[in-house]
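**Student:** Supplied in structure tokens, the structure appears directly below.
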Amino acid sequence: MGRPTLYEAAGGAPAMSALAADFHQRCLAHPGLSHPFERDIDPAHVAHLAAYWGEVFGGPDDYSRTRGGHGAMIRVHANQCDEDPFAGAFVECFDAAVAATLPDDPELRAVLGDYIRAATAEVVSYMPLAAAGPGEPPMPRWSWAGRHGLDASVSTGEPDTRTP
Numbered sequence: 001m002g003r004p005t006l007y008e009a010a011g012g013a014p015a016m017s018a019l020a021a022d023f024h025q026r027c028l029a030h031p032g033l034s035h036p037f038e039r040d041i042d043p044a045h046v047a048h049l050a051a052y053w054g055e056v057f058g059g060p061d062d063y064s065r066t067r068g069g070h071g072a073m074i075r076v077h078a079n080q081c082d083e084d085p086f087a088g089a090f091v092e093c094f095d096a097a098v099a100a101t102l103p104d105d106p107e108l109r110a111v112l113g114d115y116i117r118a119a120t121a122e123v124v125s126y127m128p129l130a131a132a133g134p135g136e137p138p139m140p141r142w143s144w145a146g147r148h149g150l151d152a153s154v155s156t157g158e159p160d161t162r163t164p
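And the structure:
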């Protein structure tokens with residue numbers, strides 16, 4: 001038997017749900033993030049977020065089947081503002097939610113940290129009001145070795161050489 005996926009190592013669907021719920025609450029409580037999380041947010045946002053992260057980390061393709069995949073996620077966040085007021089706080093809330101809800105596994109946390117930084121940078125690249133849309137990019141996939149997907153790159157997986 002091979003190494004479990006990140007999804008399995010984190011604890012599967014229940015862990016993704018806990019991570020998404022904790023993260024969402026942290027964003028609501030954060031003075032710099034609460035505004036976008038309070039306005040017109042889909043009541044099923046936490047469930048959608050859990051499904052998205054689950055798929056990215058090696059779980060079922062529920063998000064792509066039901067929500068339109070990676071491009072649909074990007075379009076929800078695109079063209080919001082020309083300056084990014086959110087990325088640092090977003091990463092901070094994610095890292096804290098990972099620490100609060102997922103196993104105390106330094107390697108898992110490092111890969112998830114790489115993921116959120118790369119994912120946030122990608123979303124930020126589409127935030128400017130005049131940014132071109134993403135088209136239909138494939139769902140990024142993350143494993144213990146790092147990122148697979150958007151640009152077909154894969155990191156070495158070593159902590160000092162892992163790249164998003």
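Residues 1 to 164 in our numbering are what the sequence shown lists, from first letter to last.
Note that CB positions come from ideal geometry on N, CA and C, so glycine has one too.
(1) Does S153 pass the burial test, meaning 16 or more other C-beta atoms within 10 Å, or should it be called exposed?
(2) When you compare the region 113-121 with the region 87-101, are there three or more beta-carbon pairs, one atom per stretch, that lie closer than 8 Å?
(3) Quick check on G146: does DSSP put it in helix, strand or coil?
(4) Can you tell me whether S34 is buried or exposed, with buried defined as 16 or more other CB within 10 angstroms of its CB?
(5) Three or more C-beta pairs under 8 Å: does that hold for the region 18-33 against the region 121-135?
(6) Could you tell me if E55 is buried or exposed, where buried requires 16 or more neighbouring beta carbons within 10 angstroms of its beta carbon?
(7) Have a look at V123 and G2 and give me their C-alpha separation to the nearest angstrom.
(8) Are the CB atoms of F86 and Y7 nearer to each other than 8 Å?
(9) Closest to Q25 by CA distance: which of L129, R109, L49, A13 is it?
(10) Mind checking G88: buried by the 16 CB within 10 Å criterion, or exposed?
(11) Pull up the distance between the alpha-carbon of H70 and that of P140, whole angstroms please.
(12) Cα separation between S64 and E92?
(13) Any idea if A44 is buried or exposed, counting beta-carbon neighbours within 10 angstroms, 16 or more meaning buried?
(14) Leaving out five residues on either side along the sequence, give the residues of the same chain with a beta carbon under 8 Å from the beta carbon of R67.
(15) Nearest by alpha-carbon distance to L226: which of A121, R75, W142, S125 is it?
(16) Assuming R75 is part of the alpha helix (DSSP H), what are its boundary residues?
(17) When the Cα atoms are used, what is the spatial distance from A9 to S17?
**Tutor:** This is what the structure gives:
(1) Low confidence applies to S153: its pLDDT is 38, below 50, so where it sits in the model is not reliable, and the reading given next is rough at best. So S153 counts as exposed.
(2) Segments in contact, yes.
(3) strand
(4) exposed
(5) no
(6) buried
(7) 32 Å
(8) By the CB criterion at 8 Å, F86 and Y7 fall outside the cutoff.
(9) L49
(10) exposed
(11) CA-to-CA, the gap between H70 and P140 works out to about 7 Å.
(12) 26 Å
(13) exposed
(14) H48, A51, Y52, M73
(15) Limits of the chain in this structure are 1 at one end and 164 at the other, which puts residue 226 out of reach.
(16) 69-77
(17) Straight-line measurement puts the Cα of S17 at about 14 Å from the Cα of A9.
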